[in-house]
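Every letter in the sequence shown is one number past the one before it in my numbering, and letter 273, counting from 1, is 282.
Beta carbons: idealized from backbone N, C-alpha and C, even for Gly.
A short worksheet on the structure shown next.
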Amino acid sequence: MSFETIMKQVIPYTEITVSRLIFAVIMLFMGFILSKYIILVFRRGIQKTKIPDLTVQFLTHFLSIILYVIVILIFLKSLNFDVDSYIVGVSAAIGIVLGLGLQDTFTNLTAGVCVAAIRPIDTGEMVTVNGQTGKVRSVGIMSTELLTLDNQLITIPNKLVWGSSIVNMTRMPTRRVSVDVGISYSSSLEKATEIALNIMKTHPLVLKEPEPAVVTTELANSSINLQLRAWAKTGEMVTVKNDLVAGIFDAYTKEGIEIPFPQMDINIKEIKPKEGGKHTMEQDMTVQEEKILLEEKCNVE
């Protein structure tokens, strides 16, 4: 049997000739070699850019999958398989998968456009978004980056930024500083209020309008709780807060206004021994008076 006859022979149970099979195998082999070469060149070229390694790895794998699928389709086409219908079916399936998989991507993209257009937050502003607090570092197409006060970087998808309440702490030019302090019931409420007002009115960074105020917020079990309210420029809030906390403590100490603090008295009771027994001591921890007076460290809201 001649070589030409062998090449024209049809493989049993198929319509594929030997020559066509050999040609398809060669195409498959050459396709894989060419694909690896293209992937190698692509990887080397993209690594010369500033693209992160993770992105390079993802793009390389994505390209290799596409090339290998193309090679396999060419191999099947060489064997006279009708791959057109398969391509249409696979394309439809891929479209559905991508549509479902990229749903969040499109949502983030749309939310990013809304955030950029309406600008509820801006670069450099201190905000609370989706329960996270920090300074806005950037508002990207897909996500927003916040930098916390202890230098942690938080990345929030834009759909969560747009879909949640946003607290912007630095957008307004002025804000109110609130300082809580408690005084004992034996102290003069009128005198304590007068001292607090004087501290706020004489502070150079406290605004005259709106006027500072002192409000009695609660008659607690062991103290009368007051709140100092002063308005200041947003950028000077921290300074004003610290000055008021230190100032009210020093002034109340000098003027004899008692700031209550937790207190407990411990009595040691001696118990006489019974006959034939040993002498024992018992600590009877009792609270003599309801004198658990809370020293609140003038926390600011």
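Three-state class that DSSP yields for residue i in the structure shown
i, result
"A239", "strand"
"G149", "coil"
"R184", "strand"
"G133", "coil"
"G172", "coil"
"H70", "helix"
"D189", "strand"
"I277", "strand"
"M265", "In the sequence under discussion, the amino acid at residue 265 is Gly, which differs from the Met named in the question. It is coil, neither helix nor strand."
"P113", "Going by the sequence as given, residue 113 is Asp instead of Pro. Of the three classes helix, strand and coil, the one that applies to D113 here is helix, per DSSP."
"D91", "coil"
"R53", "helix"
"I127", "helix"
"T157", "coil"
Whole-angstrom distance between residue j and residue i, CA atom to CA atom
i, j, result
"I81", "L37", "7 Å"
"F41", "S87", "15 Å"
"I55", "T26", "43 Å"
"I47", "F84", "18 Å"
"V190", "L169", "37 Å"
"T58", "L68", "13 Å"
"P240", "G256", "One detail in the question is off: residue 240 reads as Trp in this sequence, not Pro. Going from the Cα of W240 to the Cα of G256 covers about 16 Å."
"I60", "L72", "16 Å"
"T142", "I163", "9 Å"
"V114", "I150", "Correcting the residue type first, residue 114 is Thr in the shown sequence and not Val. For T114 and I150, the distance between alpha carbons rounds to 10 Å."
"E199", "T226", "15 Å"
"F51", "M39", "18 Å"
"I35", "I75", "20 Å"
"I277", "N230", "27 Å"
"H70", "K250", "55 Å"
Strand pairing of residue i, partner residues [DSSP]
i, result
"P166", "S152"
"E227", "N234"
"Q141", "V138"
"I79", "According to DSSP, I79 bridges with nothing at all."
"N177", "V136"
"A222", "R238"
Whole-number beta carbon distance between residue j and residue i, since they are thought to touch under 8 Å
i, j, result
"T132", "S152", "Their Cβ separation, rounded to whole angstroms, is 14 Å, which puts T132 and S152 out of contact at 8 Å."
"V124", "E134", "About 12 Å; that fails the 8 Å criterion."
"I266", "I204", "7 Å"
"I165", "I130", "Actually they are not in contact, since the Cβ atoms of I165 and I130 sit about 11 Å apart, beyond 8 Å."
Proximity test, residue i beta-carbon vs the ligand PLP heavy atom, cut-off 8 Å
i, result
"V188", "This structure does not include the ligand PLP; it has no bound ligands of any sort."
Exercise for review: Specify whether the segment 144 to 157 and the segment 199 to 209 touch according to this definition: at least 3 beta carbon pairs, one from each stretch, less than 8 Å apart.
Suggested key: no
Practice item. State whether the segment 186 to 205 contacts the segment 231 to 247, with contact taken as three or more CB pairs (one from each stretch) at a distance under 8 Å. Key: yes
Review point. Does the segment 118 to 125 come close enough to the segment 82 to 101 to have 3 or more Cβ pairs within less than 8 Å?
Key: no
Review point. Can you find at least 3 beta carbon pairs, one from the segment 166 to 182 and one from the segment 220 to 238, that sit closer than 8 Å?
Key: No contact exists between the segment 166 to 182 and the segment 220 to 238.
Check your understanding: For the segment 255 to 264 against the segment 215 to 223, are there 3 or more C-beta pairs whose distance is under 8 Å?
Key -> no
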